[in-house]
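In UniProt numbering, the protein residues as written are 1 to 739.
Here the structure is laid out as structure tokens; the discussion comes afterwards.
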DNA sequence: CTTACCTGCATATAGACAGCATGTC
DNA sequence: CTATATGCAGGTAAG
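Here you go:
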């Protein structure tokens, strides 16, 4: 089917043709045949990179031209900005695009003036909870990665959000995009959508299992040269010598860096001077943005053409690795599953070095087929690679057969709703009441009766859990119920409304409220621990070496904690120690302990510190608001801590740190030099500041506080002319020259 | 004396969304 | 409490 045959405006047709898209891929054509452009609901269960985005775009553009408005729901913030950037290319057609995620937000009212709004599922839920008016104007909803309905953590939110949206806009077109799953038909039926089910990919994918010095694909074999004793390394070296790149998936961070280290020593031998030179620049960039151990190790690996990637990396390191791989300078990324579902980073060959993953309840467990398919699907860059290959590794013949059968030739599992537990439902039962989707028990059951869970499983078990939730919420004064009426009436209290809008788990809300009421002497640690004891906070794992250290801390600070569980209740106490350990990390963070030191004290990465601080800041904000509502005195203390967690700094730096371009480190430098306040800083001499923080930063700071720089700021000296950016610029120039 | 390889034992275990109000090194 | 890879300490055989 040709683009120009489609029932869409002429200028849009030309736009696609100019960008080289003349014909639809088969699954896209099938979607059009199923009424994509006529506002019909659709579930497309097709592989990654088979043109899901274009499919959604066509429908959105068509709808917008008919006066509609589109909402594009994604599971990850990174994905949101990726889509946002893509859709902004539609600006020439007068299409306005907005983005809304927790960390990056165009203002709510203004957001509604856009034609396309990209948001995470949680943010969408939050917007619904806040009664955002433009939600009712949405005519097209795209739900990306809808198979995440199956996720224990985040599936329920996605499910309830979709349910709410369908109820709010019954005539709205829903386009759901999914990986290929077992019960796609069932999901489609729930959405009242037609189904496009296809395995078609623009680049062929060969899935195989390595065993006996060869990759065994169904029906053929590919011998791999033995240059190293490690098979995965051999596969990597083979790919590179054929001009491709590799993505290696590992089950733990340690394995991930471990493999990068060993493989890099072999990979380096295959690289030429030019590439090594550029890699060295990149490695320096890594070293300059962090002096942690991981930064050094990562830099050393990158010098040899290999990188590792996991959530412990700080964001600049992550970005360098991703960009370096896209530039085809980094040849191998050894990664945890971060890269399996997230960014668009395909490679010629994907090696799944470890198909098992540790689970605290069941030990090492084989990953689901769906997850395997997601990783394997990363193989093959469209238009760049002749084909993609994914490889599992087997040690014995029995394992080889098993892998072939259970992964390569297996179909993905069915999607199962995870809504049916009290933990998952509590927050949604509350928000349903707060937002008026249900004002009595009957309406509540009706609403929950239209979820995927109810569609798929028995509703009586759901009703029981919902009643438990209502009871919990009533007990904690978030919901009022009148049991004398026949359908028991349900309404929310001020507390309930606040908890719903703060987007915290009602159990977190209850714990914080309870803690605030009980607390006697409150200091920083008291509130930090309170926040760390909520189910919304991810606690640190207790290692055996931590035990005495954390326990000693508890002993010497026993007055700081609102409640210490009995030491002989081993499970409770151990859990408590984990909370305290987390609070200790945050305490170091707000006391300006350098990030490198924190990573060592707690055996975490820089990325972990920021993630924990981020969550703590959000929960501390909730604490502030809850304290205000309760009219207890700790709200200003909590508010102060909220700011300190945001910047990771002591109270005396709060004024300096609010200046753009000044963070915890620079603020401390300025403070020690006598610039203890904004007023002092305004009186500062440029030359003095320049010596302190460097000429560029100094000029930047002064202009940000409204001081005009009198002295001439020397043009940036060519010290850094070899930075990555300039290098990449050059690269692009030569590339376009070549074209 | 160095290197390569083996054995045994202890050890640790993926990821990431949200509020609010604007910008880290 | 589940299972596995890793890395280190200590040992041994080969060079």
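Backbone N, C-alpha and C fix where the C-beta goes; we use that ideal spot for every residue, glycine too.
Here the structure is a predicted model, which is why all the values come from computation and not from measurement.
Beta-carbon proximity of residue i to residue j, cut-off 8 Å
i	j	result
residue 457	residue 420	yes
residue 93	residue 8	no
residue 581	residue 546	yes
residue 692	residue 516	no
residue 616	residue 512	no
residue 120	residue 160	no
residue 505	residue 536	yes
residue 349	residue 391	yes
residue 115	residue 138	no
residue 527	residue 678	no
Start-to-end residues for the beta strand (DSSP E) that takes in residue i
i	result
residue 391	388 to 393
residue 246	246 to 249
residue 42	42 to 45
residue 591	Residue 591 -> no beta strand (DSSP E), and no H or E assigned at all.
residue 257	It is not in any beta strand (DSSP E) - residue 257 instead sits in the alpha helix (DSSP H) that spans 253 to 267.
residue 104	Counting along the chain, residue 104 falls outside any beta strand (DSSP E), and DSSP gives it neither H nor E.
residue 72	70 to 74
Local Cβ density within 10 Å of residue i, reported as buried at 16 or more and exposed below that
i	result
residue 253	buried
residue 383	exposed
residue 436	exposed
residue 688	exposed
residue 218	exposed
residue 494	exposed
residue 577	buried
residue 20	exposed
residue 460	exposed
residue 221	exposed
residue 263	buried
residue 170	exposed
residue 28	buried
residue 541	exposed
residue 294	buried
residue 229	exposed
residue 362	exposed
residue 397	exposed
Proximity to residue i [Cα-Cα], best of the options
i	options	result
residue 118	104, 129, 130 and 131	104
residue 364	626, 633, 355 and 578	355
residue 499	418, 626, 579 and 598	626
residue 486	441, 258 and 463	441
residue 30	17, 39 and 55	55
residue 473	484, 284, 82 and 491	491
residue 645	591, 684 and 675	591
residue 508	497, 284, 530 and 520	530
residue 210	194, 479, 559 and 399	399
residue 123	579, 452 and 99	99
residue 342	483, 148 and 296	148
residue 650	596, 2 and 672	672
Residue i (DSSP reduced to helix, strand or coil)
i	result
residue 282	helix
residue 692	helix
residue 469	helix
residue 678	helix
residue 541	coil
residue 534	coil
residue 217	strand
residue 549	helix
residue 566	coil
residue 197	strand
residue 481	strand
residue 326	helix
residue 277	helix
residue 721	Confidence at residue 721 is low in this model, with a pLDDT of 37, below 50, so its placement is unreliable and no value can be given for it.
residue 20	coil
residue 444	helix
residue 489	strand
residue 222	strand
Residue interval of the alpha helix (DSSP H) (run including residue i)
i	result
residue 208	Where residue 208 is concerned, there is no enclosing alpha helix (DSSP H), although the beta strand (DSSP E) it sits in stretches over 205 to 210.
residue 8	Segment: none, residue 8 is in no alpha helix (DSSP H) and carries neither H nor E.
residue 515	506 to 518
residue 397	397 to 403
Heavy atom of the ligand COA within 7 Å of residue i beta-carbon
i	result
residue 240	Ligands in the displayed structure: none, and consequently the ligand COA is not present.
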